[in-house]
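So the sequence shown is numbered by this note's numbering: it starts at 99 and just counts up by one.
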Amino acid sequence: MASRQLLVFKLNGDSYGVEITNVDSIVPMKEIVKVPNTPDYIQGLMSLRGKVYTIFNLRKKFSLPDQEFDENTKIVIVDVNSVTVGFIVDEVNEITHIEEEDIENTPQSLANLGRKYMSGIAKVSEKIIMILDLSHLLSFNDTDIAKAGSN
99 MASRQLLVFK
109 LNGDSYGVEI
119 TNVDSIVPMK
129 EIVKVPNTPD
139 YIQGLMSLRG
149 KVYTIFNLRK
159 KFSLPDQEFD
169 ENTKIVIVDV
179 NSVTVGFIVD
189 EVNEITHIEE
199 EDIENTPQSL
209 ANLGRKYMSG
219 IAKVSEKIIM
229 ILDLSHLLSF
239 NDTDIAKAGS
249 N
């Protein structure tokens with residue numbers, strides 16, 4: 099039986115997951131320098147371990163209401179489309195194994211609500227985890243901005 103290992107995090111009270119193989123690290127919220135003339139969901143640039151990363155605010159990317167950053171807020175550093183970037187999340191919950199048979203296709207009813215960003219929906223007990231498709235999460239323009247920010 100095949101399974102996937104996911105990093106599960108919260109955004110606006112909902113659970114999201116990303117394949118653990120895409121995760122580089124999880125760091126506490128730290129100083130981010132805003133870059134002018136970028137989309138509002140690009141929070142800015144952050145220096146970490148001698149490298150500069152472009153940081154995306156997933157709340158803004160998903161058109162969710164703003165929330166103050168707190169001690170639970172984390173930055174998940176991930177590899178997306180051959181670029182390493184950071185995503186701000188409300189909190190990181192766990193790393194979990196999900197059996198393939200517990201993963202369903204994203205419902206068609208979500209067509210205009212971010213369905214393009216998801217690779218599926220996992221059911222774990224009574225909890226639903228929306229599995230993000232990182233390769234579709236960033237547009238080509240976002241990837242170009244991230245590459246420029248890392249140079």
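All C-beta atoms, glycine included, are put in the ideal place defined by N, C-alpha and C.
- Hey, how far is the Cα of E166 from the Cα of D200? 34 Å
- Task: Go ahead and label A220 buried or exposed: buried means 16 or more other beta carbons lie within 10 angstroms of its beta carbon, across all protein chains shown.
- Result: buried
- Taking the C-alpha atoms as reference points, what is the distance between S233 and G184? 14 Å
- Message: Within a Cβ cutoff of 6 Å, which residues of the same chain sit near N120, ignoring the five residues on either side of it in sequence?
- Response: V176, D177, L232
- Who are the Cβ neighbours of V190 in its own chain at under 6 Å, not counting the five residues just before and after it? F107, I124, K172
- For Q103, the residue or residues it bridges with in DSSP: H195
- Where does Y151 fall in DSSP's three states? strand
- What do you get for V187, buried or exposed, if any count of 16 or more other CB atoms within 10 angstroms of its CB means buried? buried
- Item | Counterpart residues of Y114 in DSSP-defined beta bridges | F107, M228
- Item | Sequence-distant residues of its chain with Cβ nearer than 8 Å to K225 (five each side left out) | S113
- Just curious, the beta strand (DSSP E) that L146 is in, first and last residue? 140-146
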